[in-house]
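Quick note, the sequences are listed as chains A and B, same order. Going by the UniProt record's numbering, the final residue of the first sequence carries number 243, and the count climbs one at a time with no gaps. Going by the UniProt record's numbering, the final residue of the second sequence carries number 243, and the count climbs one at a time with no gaps. Think of the CB as a built atom: it goes at the ideal place given N, C-alpha and C, for glycine as much as any other residue. For reference, the structure discussed in these notes is given below.
There are 2 protein chains.
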Amino acid sequence: MADSPVAVSCSNCSVRRLCLPAGLSLAEIDRLEQVTGKKKVIKAGESLYRAGDSFQNLYAIRSGSFKNVVIAADGDTQITHFALPGELLGLDAYSTRVHSSYAEALEDSSVCLLPFAQLEVLAQQVPALQQQIYSIFSEELRKENEILMLLGKRSADTRLAALLMNISSRYACRGYSPNEFILSMSRTDIANYLGLTAETVSRLFTRFQKQGVIQVNGRVVQIQNLLGLSEIAGTHCGYEGEV
Amino acid sequence: MADSPVAVSCSNCSVRRLCLPAGLSLAEIDRLEQVTGKKKVIKAGESLYRAGDSFQNLYAIRSGSFKNVVIAADGDTQITHFALPGELLGLDAYSTRVHSSYAEALEDSSVCLLPFAQLEVLAQQVPALQQQIYSIFSEELRKENEILMLLGKRSADTRLAALLMNISSRYACRGYSPNEFILSMSRTDIANYLGLTAETVSRLFTRFQKQGVIQVNGRVVQIQNLLGLSEIAGTHCGYEGEV
DNA sequence: CGCTACATTGAATCGAGTCAACCGGGGTGG
DNA sequence: CCACCCCGGTTGACTCGATTCAATGTAGCG
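This is how it looks when you write it as structure tokens:
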């Protein structure tokens, strides 16, 4: 929401290190910027795309955060990802040409539109971009594997601790404090993502607080004992090397 | 195991429809075959690659089946995928250049080696191949999302029913009977994949049998009431459109 | 001011895990 | 050839973590 109306450019974007331009030369970034002209602002609670929408763009988050949600045939939902600045949304729609999930802003946010048809052509000409796209796809797969491990094998407290570690380290990557942050998602969202109920998540927050590993006040979280938290997470700290 | 020693070629491969050549012209497949020369046979229980191995190849399954397993810091494992002929293994290692998971043959199997460095160069020249690679990556992401839903939200019986539906439909895609098949994985593997214990899986098999939806004898499964099974799976049949 | 949505807390329930015993087939070695 | 063991699978009894249901608290907003 605090975005000035200046032209969008990767070269002065604060998350370029984490985003599509990573690993590209200045000349290559120049060419990329011819594709990434448009910016879009999304208010908290609004959708960037919906399940069923035709696939046109990838979206690179400039600021804010999103939840990515898949919907089962019976209407049940599962949050698969909390996305932060620098991350790409919409990758899973490429093969079917239709979005099978939706992305909803957790706070007022802004994104770059990346028309995939154009991006594809450019990647054909710029090997480094091609490689970066593969890299992002591959990294997404690796991250999903970590979450599978969390949902398949871990107890409730381990799951929540791992999520907190993960968010903390991703904020740190983006230059924010790893020890104090505001969760942009509700307890219900956290519970959905972790395969738990909101009640369980709430109880865990108060338990962690009693144990002295964190301090919670609504959505404001301070980590007071990072080591303790990582022990609860079982050294699966932030599910390792997450961005 | 039943593979003759003829040269590997995509054009006469029974799973080319499901694999990398899908959507390529004959001329393009010709070029692809210059990259995919080598075949490798893997015996049941052996690894195709291990966690920590450097990333050199993608592997396309010609025959047999594999489990893909991620390993946590504490040694705990999670099967993320049961892979069948036509599917690609190793995609998640691209970004780090190191395999973070391992792939183990569930039965005697054979694979094509796809040196990624060469594949990448070829994809740069052949847009249809480029698109097929994106498509496979994207499809993998979509499939993982379905599994997340399964692990995050579903009861034990729903999980197993969904897996059976999934395997059934994937066999059907490959020209085998959807109603009678031999599971190539152990109960323990199924349990690990579904986030359950072997005991629970075993109990479910006998319960499904008592309910008359399937007939089980060790690893031989006959589906007797597909509709009933899909109802237990909650219409999340085979987690939709799986290959 | 009161409505609504989100969050917390408590008590009771239940699904799946744990622990342990047992079965049966296949391979090994005496 | 048979005895034995080992491993995968099955079954039962008990336990426990997380859900469910319900009540209460709290903050933001028209």
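Cβ of residue i within 7 Å of any chain A Cβ
i: B:Val-70; result: yes
i: B:Pro-5; result: Only weak support exists for where B:Pro-5 lies, its pLDDT of 43 falling under 50; the coordinates are left without a value.
i: residue 330 of chain B; result: No answer is possible for residue 330 of chain B: the residues shown for chain B start at 1 and end at 243.
i: B:Ala-2; result: Residue confidence for B:Ala-2 is low, a pLDDT of 42 falling below 50, so the modelled location carries little weight and cannot support an answer.
i: B:Gly-152; result: yes
i: B:Ser-110; result: no
i: B:Leu-148; result: yes
i: B:Ser-100; result: yes
i: B:Leu-32; result: no
Start and end residues, alpha helix (DSSP H) containing residue i
i: A:Asn-192; result: 187-194
i: A:Ser-14; result: Unbroken run through A:Ser-14: none, as it is neither H nor E.
i: B:Ser-9; result: Taken as a continuous stretch (DSSP letters only), B:Ser-9 belongs to no alpha helix (DSSP H), as it is neither H nor E.
i: B:Ala-27; result: 26-33
i: B:Leu-229; result: 226-232
Below-7 Å beta-carbon distance, residue i vs any chain B residue
i: A:Asn-145; result: yes
i: A:Arg-97; result: no
i: A:Asp-92; result: yes
i: A:Ser-11; result: no
i: A:Glu-242; result: Caution applies to A:Glu-242, whose pLDDT of 47 falls short of 50 and renders its modelled position unreliable; the value that the coordinates give is listed next. Chain B contact via Cβ: absent.
Run of the beta strand (DSSP E) containing residue i, from where it starts to where it stops
i: B:Glu-46; result: Per DSSP, B:Glu-46 belongs to no beta strand (DSSP E) and is neither H nor E.
i: B:Arg-62; result: 57-63
i: B:Val-221; result: 220-223
Cross-chain neighbours of residue i in chain A, by beta carbon under 8 Å
i: B:Thr-36; result: Under the 8 Å cutoff, chain A gives no residues; its nearest Cβ is about 18 Å from B:Thr-36.
i: B:Arg-17; result: In chain order: nothing, as chain A lies at least about 15 Å away.
Listed by chain order, chain B residues near residue i by CB distance under 8 Å
i: residue 290 of chain A; result: This structure leaves residue 290 of chain A out entirely; chain A is present only between 1 and 243.
Interface residues of chain A facing residue i [CB-CB closer than 9 Å]
i: B:Gly-234; result: Ala-72, Ala-73, Asp-74, Asp-76
Under 7 Å from the C-beta of residue i: neighbouring residues of chain B
i: A:Leu-114; result: By Cβ distance, chain B contributes nothing, its closest Cβ being about 13 Å from A:Leu-114, past 7 Å.
Under 9 Å from the C-beta of residue i: neighbouring residues of chain B
i: A:Leu-48; result: None at all; the shortest Cβ gap to chain B is about 16 Å.
beta-carbon residue i near the ligand MN non-hydrogen atom, thresh 6 Å
i: A:Arg-174; result: This structure simply doesn't include the ligand MN, nor any ligand for that matter.
Quick check for students: name the residue ranges of the beta strand (DSSP E) that lie wholly in the stretch 65-137 of chain A, counting only runs of 3 or more. 66-71, 77-83, 101-105, 109-115
Near-chain B residues of the UniProt domain "HTH crp-type" (154-227) of chain A (beta-carbon distance less than 7 Å), N- to C-terminal order: Gly-195
Unbroken alpha helix (DSSP H) runs of length 4 or more, entirely within the stretch 137-217 of chain B: which are they? 156-173, 187-194, 198-210
To be precise: take each residue of the stretch 122-145 of chain B, compare its Cβ to all Cβ atoms of chain A, and keep it if any distance is under 8 Å. Which residues remain? Ala-123, Gln-124, Pro-127, Gln-130, Gln-131, Ile-133, Tyr-134, Ser-135, Ile-136, Phe-137, Ser-138, Glu-139, Glu-140, Leu-141, Arg-142, Glu-144, Asn-145
Closer than 7 Å, Cβ to any Cβ of chain B: which residues of the stretch 62-86 of chain A, in chain order? Val-70, Ala-72, Ala-73, Asp-74, Asp-76, Gln-78, Thr-80
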